[in-house]
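Asks:
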Amino acid sequence: MAVARRRFLTYLVAAPTLTVAAQLVMDAVAPATASAVIPTAPAIADLVDLGDILILAGLPTSDMLVLAVGEDGTATLGLPREEVGQGLTTAIAMLVAEELDLPLTDVRIELDDARPELLFDQLTGSSNSIRSLYDPVRRAAAAARVRLVAAAAARWGLAAGKLTTGNGSVVAPDGRTASYGSLSVAAADASLTGLTVTLKAESQHTLVGTPTSRIDARKIVTGRQEYTLDLDIPGAKPCMVRRPPTVNGTVKSVANEAAIRAMPGVLDVVVIPTGVAVVAETFGQALAGKDALEVAWGPGTIDGLSDDGIRTKLKAAAPSFSFLALTKHIDAEFDFAFVSHAPLETNSAVADVRSDHATIWSGLKSPIVAQQTIAAELGLPEDKVTVHVVQAGGSFGRRLFFDAALEAAQVSKASGRPIRLMWSRIDDMRHGRMRPATHHKLRATYALGQVLTFEHRVAAVETDFRHGLGEILTAMAAKLPTGLGNETIAQTLFLTTVKSPYNFGVTTQTLTEVPLTMHTGSWRSVYSANARGAEEILVDELATAFGKDPLSFRRTFLKSDAQRAVLDKAAAAGNWGRTMPPGHAQGIAFHEEYKSRTACLVEIDATDPKAPRVTKAVVAVDVGRPINPRGLEAQMLGGLTDAISTTLRAGLHIDKGLPLEGSYSQFHYARQKNSPTDVQVIVLPPAADAEPGGAGELGVPAAVGAIANAYARATGTHPRTFPINFDVDFTPFPR
Amino acid sequence: MPSHTFSVNGKSVTVDAPSDLPLLWVLRDLLGIRGPKYGCGIDVCKACTSHLDGAAINPCVVPVSEAAGHEITTIEGLANGDTLHPVQEAWLDVDVPQCGYCQPGQIMAAAALLKTTSTPTDADIDAIANVCRCGTYVRIREAIKAAAEKMA
Ligand code: FES
Ligand code: FES
Chain G
1 MAVARRRFLT YLVAAPTLTV AAQLVMDAVA PATASAVIPT APAIADLVDL
51 GDILILAGLP TSDMLVLAVG EDGTATLGLP REEVGQGLTT AIAMLVAEEL
101 DLPLTDVRIE LDDARPELLF DQLTGSSNSI RSLYDPVRRA AAAARVRLVA
151 AAAARWGLAA GKLTTGNGSV VAPDGRTASY GSLSVAAADA SLTGLTVTLK
201 AESQHTLVGT PTSRIDARKI VTGRQEYTLD LDIPGAKPCM VRRPPTVNGT
251 VKSVANEAAI RAMPGVLDVV VIPTGVAVVA ETFGQALAGK DALEVAWGPG
301 TIDGLSDDGI RTKLKAAAPS FSFLALTKHI DAEFDFAFVS HAPLETNSAV
351 ADVRSDHATI WSGLKSPIVA QQTIAAELGL PEDKVTVHVV QAGGSFGRRL
401 FFDAALEAAQ VSKASGRPIR LMWSRIDDMR HGRMRPATHH KLRATYALGQ
451 VLTFEHRVAA VETDFRHGLG EILTAMAAKL PTGLGNETIA QTLFLTTVKS
501 PYNFGVTTQT LTEVPLTMHT GSWRSVYSAN ARGAEEILVD ELATAFGKDP
551 LSFRRTFLKS DAQRAVLDKA AAAGNWGRTM PPGHAQGIAF HEEYKSRTAC
601 LVEIDATDPK APRVTKAVVA VDVGRPINPR GLEAQMLGGL TDAISTTLRA
651 GLHIDKGLPL EGSYSQFHYA RQKNSPTDVQ VIVLPPAADA EPGGAGELGV
701 PAAVGAIANA YARATGTHPR TFPINFDVDF TPFPR
Chain W
736 MPSHTFSVNG KSVTVDAPSD LPLLWVLRDL LGIRGPKYGC GIDVCKACTS
786 HLDGAAINPC VVPVSEAAGH EITTIEGLAN GDTLHPVQEA WLDVDVPQCG
836 YCQPGQIMAA AALLKTTSTP TDADIDAIAN VCRCGTYVRI REAIKAAAEK
886 MA
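As given, the protein sequences belong to chains G and W, one line each in that order. For the first sequence, the working numbering assigns the number 1 to the initial residue and increments by one for each residue that follows. For the second sequence, the working numbering assigns the number 736 to the initial residue and increments by one for each residue that follows.
Now the structure itself:
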């Protein structure tokens, strides 16, 4: 479904210089409908996807975006989202600059604090930010522009229709110019009324759609980009937490508190629900203190459990197929390990808790829920807790949770001083969030050159969605298509994100969750990396069964020409089918989600099957309307690297209640030496009238499929467990 | 507490700190120089990469006492005033960063490599072990090659 056409209201905000706000109001929600192969009925995710739901959920909130034009001629937009490297601030700044006719360097994007009045519209996830903000951001900027023009018209006594804008100024027919800065006070005059706000036609865009570098790149390369723990919060002291030997273990007692307090630089020792916090003058001293602590621990929540036991539970949970294997069929089962989010900036937060108010700084994708939870924890009214959203060093879903912020608040309250709290890397991997392990049962039946049925049973360790997304889905339940409203949160998420792009007859994809009390969370592309990755492997095996080439098989069974166009691009640019030396092979796969589609072709060198390297990749991507092709390319590179890592080597082993991995030397996320030297990303041009689709998570699933398929062909094997090479090739850190 | 005198980004500094305190925390917590990042603390991720007398080091495992008498350069000191180092320029041209958190370390590692190896091969670049969790490796490789050409 396309979220139906929207109409907008914009407001003038009372302020000394021009400030406008754009509100979104929805007219109607009308699902649109979406066949020599046995057509597959549209999946729920074809009709309404998770991004659509989030857009709907965000609609009723007023004054969503505030844009101000200052006397210095710059425009500043408050962004109710988080920047974690996905390039959102740059793309949004481009939209403002385009619509305002202002140089990009004169646009500032500021991350909004938690704004509870936004209810559901301050959650960064589900590849939803550009999709939900594309119209309102342009609307806000257009509203500002029309007021600036009106102010210039009044100043010059000319009709507004005679004036144009360019390069941050209003221009009169005789060549006179007035800079936006010089007009920003006059344009704030409420008596300028009766103005019609019209958006620039997309065909007139000169900046949007052109490759543009990040607005913060210079800050980053000079070391001036500030992350949470780079902020100078007066008096804030470093703090680290000693954590239990098993997930969710509890503190029973601390044996040597006095000795720790006597260590150099140590200022305080505080027991919090998740462990024992040491506050010190430097992080080095806090770390030394935490390591020297002697703590008696209570049991955790999965103490007896290891990978084998979890896999047995998952296998048992996956329901049996509904179609008997009466015709020819292929069955396959796949297992995917737990995977750490492992953002390079570990979990961190600064908190300053006073008796009657508190201030929090952290990289947060769900700041409203963080604010509510922390306020409740501290016993303060919500409006006494200010939550600043700080640009963060990666997320991949991790920063939907706010555990470090909660801990920092607890320690600050107990210790009576501002606290800078940082997780160690070991803790970040062992006690942080992870993508749940999954088990997949697939069956495809076929006859007479047709796929008759395609069944996919996913069993997954329960994903924790208690960061606001669950509440959004519950609140939106009544507006969802038939039946969806009654599903559990996880089912709704699964059904609104996972869909097969192929005409494979009767297609069913189901999710069964195994509840385990451990720290899970959605990881870039949520269920799709594993679910769609596994399906793309089965597609290759079906092609073999049909005696067809994987490319032409996909071309036959994909549902639309738009899908085939993307696949063809990747195949052509990647020279699909070229002869490869022994031990080397190509692989190809396709994926579609959130109104976007991509195909990935890789070449792999698996002459040593224990040390394969993806040597080349071609990614074609169609997001409907790319805002910043350079940023989009970066997102696809990120998705590719995630897929190389998690398909070939990176995962977590759970051993008696705790992940064994505690470092990048153990959790084998790809390094430069594992990365292809030859990569091409092809961004398809915008389709007429297309709106932007999702992009942040799109790159992973197709790349997972392509890499696994290439490995299978190169080695003559059928990979079924991922990552493929997953030995415990290290000595785990002590618990 | 022992005091340690060394130079950081061209300025002489003296700090009082336990001799075994890792240089990373002296820089970040005592001197407020926060370009070098913590990513592991055990010489694995390389996010903290800086230079000691021009060669790459990982201050998370270098005790402050070992810095005494030496010249430390962090990402903040790589440019010459407003004139960026060619590696930084190349990073901008290629638009390498995503989240940016690993990039100070990546840039310092690349700059150190180019000092000793003016035309690095793919194998030389592969030997840079700095983790980029955002997966910017392809652009890092491109930028290092571009910087090498610029500096030739
Ligand atoms: S923090 Fe120094 S190598 Fe990771
Ligand atoms: S840019 Fe995010 S870790 Fe490298």
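Note that CB positions come from ideal geometry on N, CA and C, so glycine has one too.
Would G:Glu202 and W:Asp764 qualify as a contact pair, given that the criterion is a beta-carbon distance under 8 Å?
Replies: It is not a contact, given that the beta carbons lie outside the stated cut-off.
Asks: Using a C-beta cutoff of 8 Å, does W:Ile792 count as contacting chain G?
Replies: It does not; no Cβ of chain G falls within 8 Å.
Asks: Is the shortest distance between the beta-carbon of G:Ile220 and the beta-carbons of chain W less than 8 Å?
Replies: By this cut-off, G:Ile220 is an interface position.
Asks: Beta strand (DSSP E) containing G:Lys328: first to last residue?
Replies: From DSSP, the beta strand (DSSP E) with G:Lys328 extends over Lys328 to Phe336.
Asks: Would you call the region 87–98 of chain G and the region 658–669 of chain G in contact, with 3 or more CB pairs under 8 Å?
Replies: No contact exists between the region 87–98 of chain G and the region 658–669 of chain G.
Asks: What does W:Pro757 reach in chain G if we use C-beta pairs closer than 7 Å?
Replies: The contacting residues are Gly284.
Asks: Near ligand 1, which residues have their beta-carbon closer than 6 Å to a heavy atom?
Replies: That gives W:Tyr773, W:Gly774, W:Cys775, W:Gly776, W:Asp778, W:Val779, W:Cys780, W:Lys781, W:Ala782, W:Cys783, W:Asn793 and W:Cys795.
Asks: Would the region 105–113 of chain G count as touching the region 182–199 of chain G if we require 3 or more Cβ pairs under 8 Å?
Replies: The region 105–113 of chain G vs the region 182–199 of chain G: no contact.
Asks: Check each residue of the region 248–264 of chain G: if its Cβ is closer than 9 Å to any Cβ of chain W, include it; give the result in chain order.
Replies: Listed by position along the chain: Pro264.
Asks: What's the C-alpha gap between G:Thr312 and W:Ser738?
Replies: Straight-line Cα distance between these residues: approximately 58 Å.
Asks: Apart from the five residues on each side of it in sequence, which residues of its chain come closer than 7 Å, Cβ to Cβ, to G:Val266?
Replies: So the list reads Ile260, Val278, Ala280, Gln285 and Gly289, once near-sequence residues are dropped.
Asks: Using the three-state DSSP reduction, which class does G:His653 fall into: helix, strand or coil?
Replies: Correct three-state label for G:His653: coil.
Asks: What is the DSSP secondary structure of G:Leu380, counted as helix, strand or coil?
Replies: In this structure, G:Leu380 counts as coil in the three-state DSSP scheme.
Asks: Below 8 Å on C-beta distance, what does W:Glu811 contact in chain G?
Replies: Within chain G, the residues near W:Glu811 are Thr222, Gly223 and Arg224.
Asks: Would W:Gly840 pass as a contact of W:Thr784 if the rule is Cβ separation under 8 Å?
Replies: It is a contact, given that the beta carbons lie within the stated cut-off.
Asks: What does a CB cutoff of less than 7 Å around G:Tyr669 pick up in its chain, not counting 5 residues either side in sequence?
Replies: If we look at G:Tyr669 and ignore the five residues flanking it on each side, its Cβ neighbours are Ala342, Ser645 and Ala650.
Asks: Determine which residues of the region 380–408 of chain G have a Cβ less than 9 Å from any Cβ of chain W, and write them out in chain order.
Replies: Under the 9 Å Cβ criterion, the region 380–408 of chain G contributes Gln391, Ala392, Gly393, Gly394, Ser395 and Phe396.
Asks: So, at 6 Å on beta carbons, what are the nonlocal neighbours of G:Thr246 in its own chain, with the 5 sequence-adjacent residues on each side left out?
Replies: Around G:Thr246: Gly300, Asp303, Gly657 and Leu658.
Asks: Comparing the CB of G:Thr677 with every heavy atom of ligand 2, is any distance shorter than 7 Å?
Replies: Checking the Cβ of G:Thr677 against ligand 2 gives no.
Asks: Does ligand 2 have even one heavy atom less than 7 Å from the beta-carbon of W:Pro839?
Replies: Because no heavy atom of ligand 2 lies under 7 Å away, the Cβ of W:Pro839 does not count as near it: no.
Asks: Give me the chain G residues within the contact set of W:Ile860, using Cβ-Cβ distance strictly less than 7 Å, ordered along the chain.
Replies: Within chain G, the residues near W:Ile860 are Gln672.
Asks: What do you reckon, is the C-beta of W:Pro832 under 7 Å from a heavy atom of ligand 2?
Replies: Yes, the beta carbon of W:Pro832 sits closer than 7 Å to at least one heavy atom of ligand 2.
Asks: Say yes only if the C-beta of W:Tyr836 is nearer than 7 Å to one or more non-hydrogen atoms of ligand 2, and no if none qualify.
Replies: Yes; taking the cut-off as 7 Å, the Cβ of W:Tyr836 has a heavy atom of ligand 2 nearer than that.
Asks: Closer than 7 Å: is that where the CB of G:Gly394 sits relative to any heavy atom of ligand 2?
Replies: The answer is yes for G:Gly394.
Asks: Would G:Ala611 pass as a contact of G:Cys600 if the rule is Cβ separation under 8 Å?
Replies: The answer is no: Cβ separation not under 8 Å.
Asks: Does the beta carbon of G:Thr33 come closer than 8 Å to any beta carbon on chain W?
Replies: Confidence in G:Thr33 is poor, its pLDDT being 33 and thus under 50, which makes the residue's placement unreliable; the coordinate value appears in the next sentence. Cβ-Cβ to chain W under 8 Å: no for G:Thr33.
Asks: Residues in its own chain within less than 6 Å of G:Phe494 by CB, not counting five upstream and five downstream?
Replies: Same-chain partners within the cutoff: Leu511 and Tyr527.
Asks: Give a yes or no on whether the minimum CB-CB distance between G:Ile604 and chain W is below 8 Å.
Replies: Closer than 8 Å: no.
Asks: G:Ser736 to G:Leu293, Cα distance in whole Å?
Replies: The first residue shown for chain G is 1 and the last is 735, placing residue 736 of chain G beyond what the model contains.
Asks: Quick check: is the beta carbon of G:Val29 nearer than 8 Å to any beta carbon in chain W?
Replies: Residue placement at G:Val29 is poorly supported in this model, since its pLDDT is 33, which falls under 50; the coordinates still yield a value, given next. Output row for G:Val29: interface = no.
Asks: Is G:Leu344 close to ligand 2? I mean its beta-carbon at under 7 Å from any heavy atom of the ligand.
Replies: Checking the Cβ of G:Leu344 against ligand 2 gives yes.
Asks: Does ligand 2 have even one heavy atom less than 7 Å from the beta-carbon of G:Gly85?
Replies: At least one heavy atom of ligand 2 is nearer than 7 Å to the Cβ of G:Gly85, so yes.
Asks: Does any residue of chain G have a CB that is nearer than 8 Å to the CB of W:Thr856?
Replies: So, not an interface residue.
Asks: Between G:Glu407 and G:Val241, is the Cβ-Cβ spacing less than 8 Å?
Replies: Taking 8 Å as the Cβ cut-off, G:Glu407 and G:Val241 qualify as a contacting pair.
Asks: Run through chain W and tell me which residues come within less than 7 Å of G:Met434, C-beta to C-beta.
Replies: Those do not exist, as G:Met434 stays about 14 Å from chain W at its closest Cβ, beyond 7 Å.
Asks: Using 8 Å as the threshold, is the C-beta distance between G:Gly638 and W:Gln833 below it?
Replies: The answer is yes: Cβ separation under 8 Å.
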